Amino acid sequence: MPAATAATVRDALGAAVDALKAAGVETPRLDAELLLAEATGRDRAELTAAPEAGVEPAAARRFGAMVRRRVAREPVAYILGRKGFRRIELAVDPRVLIPRPETELLVEVALELAPRRALDVGTGSGAVALAVADELPQTDVVATDTSLEALEVAKANRDRLGLGERVRLAQGPIAADERFDLLLANLPYVSEGEWEGLAPELTRFEPRRALVAGVAGLDAIEDLLAALATGRLRTRAVALEVAVGQAPTVAQLVRRAGFDSVETRRDLAGIERVVLGR
Ligand SMILES: C[S@@+](CC[C@H](N)C(=O)[O-])C[C@H]1O[C@@H](n2cnc3c(N)ncnc32)[C@H](O)[C@@H]1O
Numbered sequence: 001m002p003a004a005t006a007a008t009v010r011d012a013l014g015a016a017v018d019a020l021k022a023a024g025v026e027t028p029r030l031d032a033e034l035l036l037a038e039a040t041g042r043d044r045a046e047l048t049a050a051p052e053a054g055v056e057p058a059a060a061r062r063f064g065a066m067v068r069r070r071v072a073r074e075p076v077a078y079i080l081g082r083k084g085f086r087r088i089e090l091a092v093d094p095r096v097l098i099p100r101p102e103t104e105l106l107v108e109v110a111l112e113l114a115p116r117r118a119l120d121v122g123t124g125s126g127a128v129a130l131a132v133a134d135e136l137p138q139t140d141v142v143a144t145d146t147s148l149e150a151l152e153v154a155k156a157n158r159d160r161l162g163l164g165e166r167v168r169l170a171q172g173p174i175a176a177d178e179r180f181d182l183l184l185a186n187l188p189y190v191s192e193g194e195w196e197g198l199a200p201e202l203t204r205f206e207p208r209r210a211l212v213a214g215v216a217g218l219d220a221i222e223d224l225l226a227a228l229a230t231g232r233l234r235t236r237a238v239a240l241e242v243a244v245g246q247a248p249t250v251a252q253l254v255r256r257a258g259f260d261s262v263e264t265r266r267d268l269a270g271i272e273r274v275v276l277g278r
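Residue numbers (our numbering): 1 to 278.
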């Protein structure tokens, strides 16, 4: 644990890295640098360029408190209270899932299709809806979530980003009786059985309802596709983020829901991550 009065950046980082490694944190150096940057108000490059620079006692205390939270495996994004996604920064806390880099693929699909009206189902922090509205000035977005708590976070993000005129938030799985050009969804897709085996960052801090969807992890996606198949929800195209190995099953479900052309998109790790139906 870093001493409250660590004299230099090097000392503070060294002690934090040791504590984080011992706690099983996967990226101890990066995390320690991010937290020290936050505690001192300096940027990471400045810290690494001047390891002998002093750390003031107040900053050292702030840093110590943050490192203790990280040692308990709280994610860095919750400790900092924010996460970057595409060109925007989102406020995040344990009411919402921390947006993941692979979810940016959904935004790339939206850029390709340039919808006039888009629907983001399961918006969480608002990541997908707000990034789409930010990058596509002609697009109006409806964003839904079953969780009122998540919608509070999404609303605060939307208003801070000044996107209130083009992003409407609604509670519920779907926005009924409306027609969309593109439906985007990163719904829960972890199976019940997988949950316990996930990293403590997820199981101790992220909302279970944002991650787990029944025995096969497909309940939320199946419900959504059922709404599309029965015409309760209408869209010209649908793009769904899926877990490793789910793409073939979901592609079949998307076809059955009435989309003739179905393809999958891979993320940067080469995993089939998005199923796109048109
Ligand atoms: C995996 S998180 C994704 C959040 C956000 N879209 C992102 O990518 O960061 C799933 C979100 O869907 C919401 N959710 C769960 N089941 C849902 C359903 N049936 N309909 C709509 N939202 C749902 C959860 O509350 C959670 O906020």
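All C-beta atoms, glycine included, are put in the ideal place defined by N, C-alpha and C.
These numbers were taken from a predicted model, which means no experiment stands behind them.
Of the residues Ala156, Met66 and Leu20, the one placed nearest Leu36, counting alpha carbons only: Your numbering for residue 36 matches position 36 in the sequence shown. Taking only the C-alpha atoms, the option nearest Leu36 is Met66.
Contacting residues, own chain, Cβ-Cβ under 6 Å from Thr235 (five flanking each side not counted): Translated into positions along the sequence shown, residue 235 becomes position 235. Result list for Thr235: Phe180 and Leu183, in chain order.
Opening and closing residue of the alpha helix (DSSP H) in which Ile152 lies: Looking up residue 152 in the sequence shown gives position 152. Here residue 152 turns out to be Glu, not Ile, going by the sequence shown. Residues Leu148 to Arg160.
beta-carbon Asn157 near ligand 1 non-hydrogen atom, thresh 7 Å: Mapped onto the sequence shown, residue 157 falls at position 157. Asn157 Cβ: outside cutoff for every heavy atom of ligand 1.
Heavy atom of ligand 1 within 7 Å of Leu47 beta-carbon: Stepping through the sequence shown from its first residue, residue 47 is reached at position 47. No.
Counterpart residues of Ala185 in DSSP-defined beta bridges: Taking the first residue of the sequence shown as position 1, residue 185 is located at position 185. DSSP output for Ala185 lists Val121 and Leu240 as bridge partner(s).
Same chain only: Cβ atoms within 6 Å of Val153, ignoring 5 sequence neighbours per side: Numbered from its first residue, the sequence shown carries residue 153 at position 153. Result list for Val153: Arg95, Val96 and Ser125, in chain order.
Inter-residue Cα distance where the pair is Val17 and Ala213: Here residue 17 is taken as the residue at index 17 of the sequence shown, counted from 1. Here residue 213 is taken as the residue at index 213 of the sequence shown, counted from 1. Roughly 35 Å separates the two Cα atoms.
Ala53 beta carbon near ligand 1 (any heavy atom closer than 7 Å): Here residue 53 is taken as the residue at index 53 of the sequence shown, counted from 1. No, the Cβ of Ala53 stays beyond 7 Å of every heavy atom of ligand 1.
Touching by the beta-carbon criterion (3+ pairs, under 8 Å), the region 115-123 and the region 244-254: Under the three-pair Cβ rule at 8 Å, the region 115-123 does not count as touching the region 244-254.
Proximity test, Pro188 beta-carbon vs ligand 1 heavy atom, cut-off 7 Å: One-based indexing of the sequence shown puts residue 188 at position 188. Flag set: Cβ of Pro188 near ligand 1.
Proximal residues to Arg73 (C-beta, below 8 Å), its chain only, five neighbours per side dropped: Numbered from its first residue, the sequence shown carries residue 73 at position 73. So the list reads Ala23, Gly24, Val25, Ala199, Pro200, Glu201, Arg204 and Phe205, once near-sequence residues are dropped.
Cβ neighbour criterion (16 or more within 10 Å) applied to Gly217: The residue given as residue 217 occupies position 217 in the sequence shown. Buried, because 16 or more other Cβ atoms sit within 10 Å of the Cβ of Gly217.
Where Leu253 falls, given that 16 or more other Cβ within 10 Å makes a residue buried: For the purposes of this step, residue 253 is taken as the residue at position 253 of the sequence shown. Buried.
Whether Arg160 touches Asp140 by CB criterion (8 Å): Position 160 of the sequence shown, counting from 1, holds the residue named residue 160. Position 140 of the sequence shown, counting from 1, holds the residue named residue 140. For Arg160 and Asp140, no; Cβs fall outside 8 Å.
Leu268, buried or exposed, once every other Cβ within 10 Å from all chains shown has been counted against 16: One-based indexing of the sequence shown puts residue 268 at position 268. Exposed, since its Cβ has fewer than 16 Cβ neighbours within 10 Å.
Boundaries (first-last residue) of the beta strand (DSSP E) holding Ala170: Taking the first residue of the sequence shown as position 1, residue 170 is located at position 170. It spans Val167 to Gln171 - the beta strand (DSSP E) in which Ala170 sits, taken as one unbroken run.
Length-filtered (4 minimum) alpha helix (DSSP H) runs lying within the region 40-93: 44-49, 57-71 and 76-80
Euclidean distance between Cα positions of Ala32 and Arg10: Sequence index remark: in the sequence shown, residue 32 carries index 32 (1-based). Sequence index remark: in the sequence shown, residue 10 carries index 10 (1-based). Rounded to the nearest angstrom, the two C-alpha atoms are 11 Å apart.
Alpha-carbon spacing of Gly122 relative to Arg70, whole angstroms: Counting from 1 along the sequence shown, the entry for residue 122 is found at position 122. Counting from 1 along the sequence shown, the entry for residue 70 is found at position 70. Those two C-alpha atoms are separated by around 27 Å.
Coil, strand or helix - Phe259 by DSSP: Working through the sequence shown from its first residue, we reach residue 259 at position 259. DSSP, reduced to helix, strand and coil, places Phe259 outside both helices and strands of the structure shown, so it counts as coil.
Any non-hydrogen atom of ligand 1 closer than 7 Å to Asp43 Cβ: Translated into positions along the sequence shown, residue 43 becomes position 43. Incorrect: Asp43 has no Cβ contact closer than 7 Å to ligand 1.
Any non-hydrogen atom of ligand 1 within 7 Å of Val244 CB: Residue mapping note: residue 244 aligns to position 244 of the sequence shown, counting from 1. It does not: the Cβ of Val244 is nowhere closer than 7 Å to a heavy atom of ligand 1.
Cβ pair Leu136, Ala170 closer than 8 Å: Here residue 136 corresponds to residue number 136 of the sequence shown, with the count starting at 1. Here residue 170 corresponds to residue number 170 of the sequence shown, with the count starting at 1. No. Outside cutoff.
Separation of Gly277 from Gly258, as counted between CA atoms: On the sequence shown, position 258 is the one that residue 258 refers to. On the sequence shown, position 277 is the one that residue 277 refers to. Approximately 9 Å between the Cα atoms of the pair.
Distance, Glu194 Cα to Val262 Cα: Against the sequence shown, residue 262 aligns to sequence position 262. Against the sequence shown, residue 194 aligns to sequence position 194. If you take the alpha carbons of Val262 and Glu194, they lie about 28 Å apart.
Span separating the alpha-carbon of Pro51 from that of Val132: On the sequence shown, position 51 is the one that residue 51 refers to. On the sequence shown, position 132 is the one that residue 132 refers to. Cα to Cα, Pro51 sits roughly 40 Å from Val132.
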